[in-house]
Amino acid sequence: MMLEPSIDKLMQNINSKYTLVTLSARRARQMQETKKYLIEDYDSEKYVGIALEEVNQGKLYYSVDEDAE
Numbered sequence: 012m013m014l015e016p017s018i019d020k021l022m023q024n025i026n027s028k029y030t031l032v033t034l035s036a037r038r039a040r041q042m043q044e045t046k047k048y049l050i051e052d053y054d055s056e057k058y059v060g061i062a063l064e065e066v067n068q069g070k071l072y073y074s075v076d077e078d079a080e
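One gets the working numbering by counting positions in the sequence shown from 1 and adding 11 to each.
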């Protein structure tokens, strides 16, 4: 069970739980394939946990394409 970073802390960076889950899952798959991380110091042993730590440290974020249909 992951206690850190807390959901409240993560929601300061990503305002939607759905977006947070989707972003973290996609990043976890990417890390699994490439073995490349955006942070050097992480506590989690699992890719999703590392992705959440990246969000918490401001290294992983998303943007909305306003022109997309």
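Ideal placement from N, C-alpha and C gives every residue a C-beta, glycine not left out.
Being a predicted model, the structure only gives us computed values, none of them experimental.
Asked	Found
Ile61: first and last residue of the uninterrupted alpha helix (DSSP H) it sits in	58-67
Cα-Cα separation, Asn24 to Arg38	16 Å
Buried/exposed call for Ser17, threshold 16 Cβ in 10 Å	exposed
Three-state class that DSSP yields for Lys70 in the structure shown	coil
Own chain partners of Met64 with C-beta closer than 8 Å, once the 5 adjacent residues on each side are dropped	Rather than Met, the amino acid found at residue 64 in this sequence is Glu. Within the same chain, Glu64 has close Cβ partners Pro16, Ile50, Tyr53, Asp54, Ser55.
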